[in-house]
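Engineer: Just so you know, numbering that gives the first Met the number 0 puts 72 at position 73 of the sequence shown, and the rest follows in order with no gaps. Virtual Cβ for every residue (Gly too), placed ideally from N, Cα, C. These figures come from a predicted structure and were not determined experimentally.
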Amino acid sequence: MTACGVWLGRRGLAAVLVDGGGHVCFTATVARTDAARWGLVQRLAAVGADLVIDEAHLPADPVAFAARRAGVRVWVAGPPLVGSLRAITGAARGPPRASATLLARLPSVTWLRSLLRRLDPEDDPRQVPLL
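Here you go:
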């Protein structure tokens, strides 16, 4: 499963794309602009990758909602899981890219994927209900 983990840093959004084997394919620091976020989301959609984000970053950065609108599957990792794994792996003391890599690898581990919550796509407000 190809997935992209994102972590909010001082310079922007750290994004790390990993393949099914957990190998890093792509890393970037995405500017905090709508155009930059949309560019990342379009790249994820083109390669069929999922997006993994920390639940604490959902209100701080709209990349997850942009990804959902583009048809990218979005996984949300809760605070107890992320905090514990960052402390154990030392990613809490490292750069944002280390935390983004950790998040990107979560869906490829079966028992860790079961601890993630999927962000469901919103209904299109232009669609007329039949019932």
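#1: I believe residue 51 touches residue 3 by the beta-carbon criterion, under 8 angstroms. Please report the beta-carbon distance rounded to the nearest angstrom.
#2: Residue 25 bridges to which residues according to DSSP?
#3: For the beta strand (DSSP E) containing residue 117, list its first residue and its last residue.
#4: Since residue 51 sits in a beta bridge, which residues does DSSP pair it with?
#5: Can you tell me whether residue 22 is buried or exposed, with buried defined as 16 or more other CB within 10 angstroms of its CB?
#6: Starting from the Cα of residue 117, find the closest Cα among 18, 77, 85, 92 and give me that residue.
#7: Can you give the Cα-Cα distance for residue 90 and residue 65, rounded to whole angstroms?
#8: How big is the Cα-Cα spacing for residue 101 and residue 95?
#9: Taking 7 angstroms as the threshold (C-beta atoms), are residue 98 and residue 112 in contact?
#10: Answer with yes or no whether the minimum CB distance from residue 51 to chain D is below 7 angstroms.
#11: According to DSSP, is residue 159 part of a helix, a strand, or is it coil?
#12: According to the neighbour-count rule (16 or more other Cβ atoms, all chains shown, within 10 Å of its Cβ), is residue 110 buried or exposed?
Structural biologist: Let me spell this out:
#1: 7 angstroms
#2: 16
#3: 116 to 118
#4: 4, 74
#5: exposed
#6: 77
#7: 26 angstroms
#8: 10 angstroms
#9: By the CB criterion at 7 angstroms, residue 112 and residue 98 fall outside the cutoff.
#10: Protein chain content of the structure displayed is limited to a single chain, and chain D is not contained in it.
#11: Absent from the model: residue 159. The displayed extent of the chain is 0 to 130, so no value can be given.
#12: exposed
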